[in-house]
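Notes for the one structure printed next.
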Amino acid sequence: MTAPVTDAPETLDESRMDLLRFATAGSVDDGKSTLIGRLLLDSKAIFEDQLEAVEATSQSKGYDYTDLALLTDGLRSEREQGITIDVAYRYFATPRRKFIIADTPGHVQYTRNMVTGASTADLGLVLVDARSGLTEQSRRHAVILSLLRVPHLVLAVNKMDLVDYDEDTFNKIRDEFDTFAAKLAIPDLTVIPISALKGDNVVTRSEAMPWYQGTSLLHHLENVHVASDRDLVDTRFPVQYVVRPKSDEFHDYRGYAGQVAGGVLKPGDEVQVLPSGFTSKIAGIDLHEQSIDEAFPPMSVTVRLTDDLDVSRGDMICRPQNAPTPTQDIDAMVCWMTNQPLRPRQKLAIKHTTRNARAMVKDLQYRLDINTLHRDLDTQELGLNEIGRVKLRTTAPLFVDAYEKNRTTGSFILIDEATGVTVGAGMIL
Amino acid sequence: MTGDPLVTPMHDYRLSQLDQLEAESIHIFREVAAEFERPVLLFSGGKDSIVMLRLAEKAFYPARVPFPVMQVDTGFDFQEVLDTRDSWVDRLGVRMIVASVDQAIADGIVVDDGKTTRNRLQIGTLLNAIEEEGFTAAFGGGRRDEEKARAKERVYSHRDEFGQWDPKNQRPELWSLYNGRIAEGEHMRIFPLSNWTELDVWHYIHREQIEIPSIYYAHKREVFERDGMLLSYGDHATLKSGETVEERLVRFRTVGDMTLTGCVESSAATTAEIIDEIAIARVTERGATRGDDRFSEAAMEDRKKEGYF
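Chain order of the listed sequences is A and B.
Sequential numbering from 1 applies to the first sequence in this note's numbering.
Sequential numbering from 430 applies to the second sequence in this note's numbering.
This is the structure:
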């Protein structure tokens, strides 16, 4: 197959294209797979061989339609049972943006999977069925997205074709959600009436709903402004790796490699290194073979300092008057992810930025009922998929910010020391 | 005063998506180098593993890449690929280990029954090499966009003592906090290119002017058609009746065992032309050119469970 250049789509200007990560949520039959299938299909992210495979499987199962859910249910056992087991990541691009979808299953183990998908998301997409309106599940999903501080939320009211594209039905759901969302930390909410099956308001504006003045879902995803969601003021650079070539050419080179977690670093900046507290200046910032003028999140760079300090992995470079809090006492919301419950006095491994330590559960203050937002103060343990407020004591100080201020320096994971399994996700208060 | 005043309004501190992917992959390389005792980079000499090696080079510059690379040699590899492999290894001065399928057959580690493909025989060869060398982490060039089973793959993918992947028992992966804990005898497969697509890889090769094997670019080659695929005619090809050899202008989208890896007709001779071609391609790279994924609907998943990368 030869490709005449004239047939090429609008050439992707890679240097300007940016990235949006979004997490999808919704219950079993609300048409999430159909919606994802349609976004992928209409943006040409599905290839003929993939579509043919799905058509063949649909036929062999005796369906009289092509089941787009088969595109997203990738595992043998998922197809056998017709369910989605785990978070899957999918990709598509338009000329403006590349999209990474964290496709989280609607049922079984929803909280844990939602938390996983939402942890890296810029935007959360909650689907509801226009016929049934808001369910407990939709509220739960909104609560989780707000706990995880996902900055943008889209409520897609799906299956509008089945309610005759009725404006009142849509308004009722929107108003109900607005009232509920007022109690949550959702800085940006957009509500869009769609039909994933028919394609209304998914990629193009629907003619069936002239009363809707907003944009299509894809247009919104392409244009939602995410660059300002990062903290460019408070400098945070967790040291990940010390680069010491000891070669003839770079005999005295000593660089601190890491990914910028906040603020803008520039040569000449005065910095402080935690835990030692020593101050120095940035001598240079290296991005591979180049020396650069500034570094900002989420760049992975190597920082050189003017003084020979003892700096190692797990240390934090910040500004002298603007440091994260060094503490061994952590107050956090924890989502528990395993069958063995979390209990007071329990000991776990903790990973926070590039620091590893051990942690003990000092106190379980309450369990959050994510349906009612009620705080259950009498609780003795946190079970699988439960979220609660926990006090931890760590063996070494961590350099922390509140999660709402910085998602990198405010988050941690808890690991079972015996099995090595990640058992908890924490957001520092 | 805390922090800097926000800088010139013209500056929006945005990173392009390719720069974001690069930053994320470099973070992963450094994390593994810092936390694992014996990492290794699985290096086939194909485009994805070359991009990985380039990212590793950047992650530790100006120091050397702090781990060896390992190639699992099927015995049926393209010479152009082996040459490029050697040139990368020489330039970076990294140690290279070759785990040979032929040797594994001779040693009785895997059995060549004449029916099993070299691709499948790579599994036992690879697992044996990982165990012998005591590697605790192995970087692979797998991307989630390649295949539906891979869409479920974690960046850090836990393998048990038998090298097996259990898709139902994967660790949740949150933020960029990777959990590298393993027990004795287990290892972790690491996929720094998880979030890259085929097009991203090509954009990166284009931008960075990365040297890749010449067979990725259009060239004249003697080929024959089998099961709708164009296979290379050469040392390891035996024609079945009715199959004929002809010369065509082709290129490869993936490279691997030459008895299974098909090529596509193409006149794309530069990375820019390849990008244009892929942007309008209607068939995935694996669907187009990998015979090993056609055995069953879950061929990739089944091989991955056994220990394939």
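By construction, the Cβ of each residue, glycine as well, lies at the ideal position given by its N, Cα and C atoms.
Residue i and residue j closer than 9 Å at C-beta
i: Val361/A; j: Met427/A; result: no
i: Val469/B; j: Phe568/B; result: yes
i: Val498/B; j: Gln551/B; result: no
i: Val271/A; j: Thr325/A; result: no
i: His352/A; j: Ser276/A; result: no
i: Val115/A; j: Ala156/A; result: no
Any chain B beta carbon closer than 9 Å to residue i
i: Lys183/A; result: no
i: Lys281/A; result: no
i: Glu386/A; result: no
i: Leu232/A; result: yes
i: Met316/A; result: no
i: Thr395/A; result: no
i: Asn113/A; result: yes
i: Ala146/A; result: It is worth fixing the name first, because residue 146/A is Ser in this sequence and not Ala. Not an interface residue.
i: Pro245/A; result: yes
i: Asp308/A; result: no
i: Gly420/A; result: yes
Short CB-CB distance (under 9 Å) between residue i and chain A
i: Ile611/B; result: yes
i: Thr626/B; result: yes
i: Arg573/B; result: yes
i: Arg682/B; result: no
i: Ser445/B; result: yes
i: Arg677/B; result: no
i: Val518/B; result: no
i: Lys544/B; result: no
i: Ser670/B; result: no
i: Gln508/B; result: no
i: Arg459/B; result: yes
Endpoints, the alpha helix (DSSP H) within which residue i is located
i: Asp448/B; result: 446 to 464
i: Lys32/A; result: 32 to 42
i: Gly284/A; result: Gly284/A -> not in any alpha helix (DSSP H); beta strand (DSSP E) instead, spanning 279 to 287.
i: Asp103/A; result: Segment 97 to 103 is the beta strand (DSSP E) holding Asp103/A; no alpha helix (DSSP H) there.
i: Glu52/A; result: 48 to 60
i: Phe170/A; result: 167 to 181
i: Lys476/B; result: 476 to 489
i: Glu562/B; result: 547 to 562
i: Val630/B; result: 627 to 637
i: Gln290/A; result: Per DSSP, Gln290/A belongs to no alpha helix (DSSP H); it is in the beta strand (DSSP E), 290 to 292.
i: Glu706/B; result: 700 to 708
Run of the beta strand (DSSP E) containing residue i, from where it starts to where it stops
i: Gly255/A; result: 255 to 259
i: Ser300/A; result: 300 to 305
i: Val390/A; result: 387 to 400
i: Ser247/A; result: Element bounds for Ser247/A: n/a, residue is neither H nor E.
i: Val334/A; result: 325 to 336
i: Met525/B; result: 525 to 529
i: Ala88/A; result: 88 to 93
i: Gly272/A; result: Reading off the sequence shown, one finds Gln at residue 272/A, where the question assumed Gly. Residues 270 to 274.
i: Gln365/A; result: 355 to 368
i: Ser661/B; result: 658 to 661
i: His225/A; result: Counting along the chain, His225/A falls outside any beta strand (DSSP E), and DSSP gives it neither H nor E.
Residues near residue i by beta carbon distance below 7 Å, same chain, minus five either side
i: Asp431/A; result: Lying before the first or after the last residue shown, residue 431/A is absent from chain A, which here runs from 1 to 429.
i: Asp629/B; result: Leu447, Leu450
i: Trp517/B; result: Ile479, Leu482
i: Ala196/A; result: Gly31, Thr34, Leu35, Arg38, Asn158, Val202
Inter-residue CB distance, residue i and residue j (contact presumed, cutoff 8 Å)
i: Asn158/A; j: Leu127/A; result: 5 Å
i: Val303/A; j: Tyr256/A; result: 5 Å
i: Thr354/A; j: Val239/A; result: 6 Å
i: Leu388/A; j: Thr395/A; result: A small correction: the amino acid at residue 388/A is Gly; Leu does not occupy that position in the sequence shown. Contact flag wrong, Cβ pair sits at about 22 Å.
i: Tyr89/A; j: Ala580/B; result: 6 Å
i: Gly117/A; j: Val154/A; result: About 14 Å; that fails the 8 Å criterion.
Closer than 9 Å to chain D by CB, residue i
i: Gln638/B; result: Considering every chain present, this structure includes no chain D. Its protein chains are A and B.
Near the ligand FMN: residue i beta-carbon under 8 Å from a heavy atom
i: Val469/B; result: Annotation note on the ligand FMN: not contained in the displayed structure, which lists no ligands.
Contacting residues, own chain, Cβ-Cβ under 8 Å from residue i (five flanking each side not counted)
i: Arg547/B; result: Thr503, Gly504, Phe505, Val530, Asp686, Thr688, Leu689
i: Leu444/B; result: Ala452
i: Pro4/A; result: No answer about Pro4/A holds up, because its pLDDT of 34 lies below 50 and its placement is not dependable.
i: Asn356/A; result: Gly314, Ala349, Ile350
i: Gly657/B; result: none
i: Val423/A; result: Trp336, Met337, Thr338, Gln340, Leu342, Leu348, Leu414, Ile415, Asp416
Chain-order list of residues whose beta-carbon lies under 6 Å from that of residue i (same chain, five-residue window excluded)
i: Asp589/B; result: Glu615
i: Phe399/A; result: Leu274, Met316, Pro324, Pro326
i: Val301/A; result: Ile285, Leu287, Ala295
i: Glu676/B; result: Lys649, Glu651
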